[in-house]
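This report concerns only the one structure given below.
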Amino acid sequence: AILLLRRKHKPRESSLPAAPPGPVGLPLIGNAFTFFGLLRHNPHRALARLAGTYGPIFSFRPGTTCAFVVLSSPAMAREALAEREAALAARFVPDSVRALGYGAGSMAFLPSSDPLWKQHRVTAGAFLTSSRGLTATRPVRNRHASRLAVRLRARSGRPVKVGEAVFGAANNVISNILFSEDVVDDDLAGVQGERPPPFERIVGVLFQEWAKPNVSDAFPFLAPLDLFGSRRRTSRNLAQLYELFHGLVDRRLASGENHGDMLDAVLLERHAKSQLTRSDIAKLFTDMFIGASETSNLTVEWATAHLLRHGDKMEKLRAEIAASLGSKDFVEEGDLGNLPYLHAVVKETLRLHPAVPVVTREVAADGVSLGGFPMATGTCILVNLWAIGRDPDVWPDQPEAFMPERFLGAGAALHFRGSDFAYRPFGAGRRMCPGLDFAARFVPLVLASMLHKIEWTLPEGMVPEDVDLSEHCTLVLKLAKPLIAVPVSTP
Ligand code: HEM
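Structure representation (structure tokens):
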């Protein structure tokens with residue numbers, strides 16, 4: 057009887073794979089070398105290389121902490137972001153993100169089961185997703201896109217840092233939606249290689265700190281010592297943002313003015329049932345800037361870089377815009393419906409350079425499996441959108457090439473909310489980017505505004521092949537070297 061029982065149980069035990077494949081770890085320190093070495097520079101590429109060896113689901117353990125499981129195929133992305141999304145409701149919170157309580161009150165890091173997360177998503181949705189909010193904020197987007205065009209035309213013949221110029225427009229649009237004020241001086245005065253303006257510097261530091269492999273995350277028992285100083289630097293920079301936002305709240309309360317912006321909406325909530333604190337509001341606004349700051353503008357910068365390398369595509373796009381707008385001076389959101397090539401350029405840019413190349417989740421419930429492997433609670437899941445966007449099995453026609461044409465004709469059906477997980481640059485499920493509808497309007501609007509009645513050339517001595525497409529990934533995917541180009545105003 058005992059033998060029969062053992063035989064009955066044996067196949068079941070061996071049919072349960074213990075863990076996804078992955079690099080062999082060392083006793084005590086696990087795969088700390090992988091974590092600190094490979095993931096320091098362009099982690100999306102390092103993870104894609106490892107996926108080449110271990111497959112579309114692999115795991116490693118950065119130290120004494122939970123396992124990291126990396127997913128790199130549309131099927132695995134669908135499983136994590138759609139089919140199992142309720143169980144993967146949380147995000148991994150790096151130690152530095154816990155500085156000044158940010159992680160514990162941030163929409164981007166709270167588990168989606170938390171009431172505050174839900175409340176923040178509703179507030180953001182009212183301005184960024186609902187058709188009422190999108191219609192109400194349309195004049196702000198139009199105004200800042202035209203303002204950028206005016207300033208670029210005024211700099212005709214002189215080089216500008218493209219990303220920095222768009223950063224100003226993107227952040228001022230968001231700040232005007234949030235609290236009806238500009239946060240960036242966007243007169244393009246500082247484009248000649250000087251230090252970045254303060255707001256850009258703060259956001260840059262935060263991204264840098266949150267993306268850097270940190271000993272506190274690999275060995276949580278060392279976290280109180282903050283050996284790499286990451287939490288300290290995050291605190292310093294977050295404090296500057298909080299100070300700005302606290303001041304805004306105080307001034308608005310003192311003035312009693314009503315602008316119909318997000319600040320008014322949250323102050324109204326504050327007095328109603330929700331009891332949002334001043335600190336909750338500061339964290340929500342930080343989320344908005346963190347989300348918006350280096351995403352829309354980077355996408356425009358990458359698109360411009362590719363168009364400068366491919367003069368024929370630049371001309372095709374300018375011709376489409378000119379034919380559609382005629383003698384109109386500035387592009388408006390209402391014009392975007394007639395510009396299919398413009399949308400194809402934006403989609404192709406986000407395929408090659410998803411602004412957030414690796415999306416994270418944390419397993420929040422027991423009994424979950426991915427790819428047939430059981431996942432322990434607390435496992436950190438990394439979905440490599442960048443790798444999926446360049447996978448030759450998924451994109452057989454020259455996956456590394458910039459070919460907006462792939463999004464025309466039958467390819468036009470591929471869109472940001474589509475059911476095809478080969479293309480999800482804004483993520484998916486309940487945590488999908490709340491800025492999607494905003495960005496899907498603003499990015500093409502800004503790009504078209506920069507190309508309408510403006511020709512772009514390269515600084516003297518440069519040829520298209522010199523445009524450097526090297527990447528530098530913090531939490532977001534930046535150009536390693538800021539793109540510098542020369543706008544030339546045309547009639
Ligand atoms: C080209 C533009 C953008 C891209 C490609 C992008 C991409 C993403 C991605 C991939 C995620 C993770 C989604 C997931 O986990 O499934 C995300 C999250 C987020 N994004 Fe965006 N984003 C963009 C613009 C924006 C804008 C304009 C805002 C705000 C105004 C924003 C705010 C956020 C926030 C707050 C989150 C965290 C949401 C949560 O965890 O609940 N993003 N974004």
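The working numbering runs 56 ahead of the 1-based position in the sequence shown.
Beta carbons are placed, not taken as given, at the ideal position from N, Cα and C, and that holds for glycine.
field: Span of the alpha helix (DSSP H), counted from its first residue to its last, around L172
entry: 171-184
field: Buried versus exposed, by CB contacts within 10 Å (16 or more), H528
entry: exposed
- prompt: Under the criterion of a Cβ to heavy atom distance below 8 Å, does T351 qualify as lining the ligand HEM?
  reply: yes
message: What does the Cβ neighbour count give for F277, buried or exposed, with the cut at 16 atoms within 10 Å?
response: exposed
field: Residue range of the unbroken beta strand (DSSP E) whose run includes H528
entry: 527-529
message: Distance check for P520 and H176, CA to CA, integer angstroms please.
response: 44 Å
query: Given that a residue counts as buried once 16 or more other Cβ atoms are within 10 Å of its Cβ, and exposed if not, what is P118?
result: buried
query: Going by other Cβ atoms of all chains shown within 10 Å of its Cβ, with 16 needed for buried, is A94 buried or exposed?
result: At residue 94 the sequence reads Leu, which differs from the Ala that was named. Classification for L94: buried.
field: Where T351 falls, given that 16 or more other Cβ within 10 Å makes a residue buried
entry: buried
field: Residue from L501, T416, P547, G517 with nearest C-alpha to E141
entry: T416
query: Is P460 buried or exposed, if buried means 16 or more other CB atoms sit within 10 Å of its CB?
result: buried
- request: Please check the pair T546 and E511, which I expect to be a contact at CB under 8 Å, by giving their CB distance rounded to whole angstroms.
  value: 5 Å
query: So, helix, strand or coil for R417, using DSSP?
result: strand
task: Might you give, ordered along the chain, the residues of its own chain that have their beta carbon closer than 8 Å to the beta carbon of S505, omitting 5 neighbours on each side?
output: A201, S202, L204, A205, F386, V387
message: The alpha helix (DSSP H) that contains V402, what's its start and end?
response: 396-408
query: Near E456, what residues of its chain come up, given a Cβ to Cβ distance below 7 Å and the 5 sequence neighbours on each side ignored?
result: R446
message: Whole angstroms are fine: how far does the CA of A267 sit from the CA of N314?
response: 38 Å
query: Since N227 is in the alpha helix (DSSP H), which residue starts that stretch and which ends it?
result: 218-235
field: L294, DSSP secondary structure in three states
entry: helix
- prompt: In terms of residue numbering, what span does the beta strand (DSSP E) encompassing V126 cover?
  reply: 124-127
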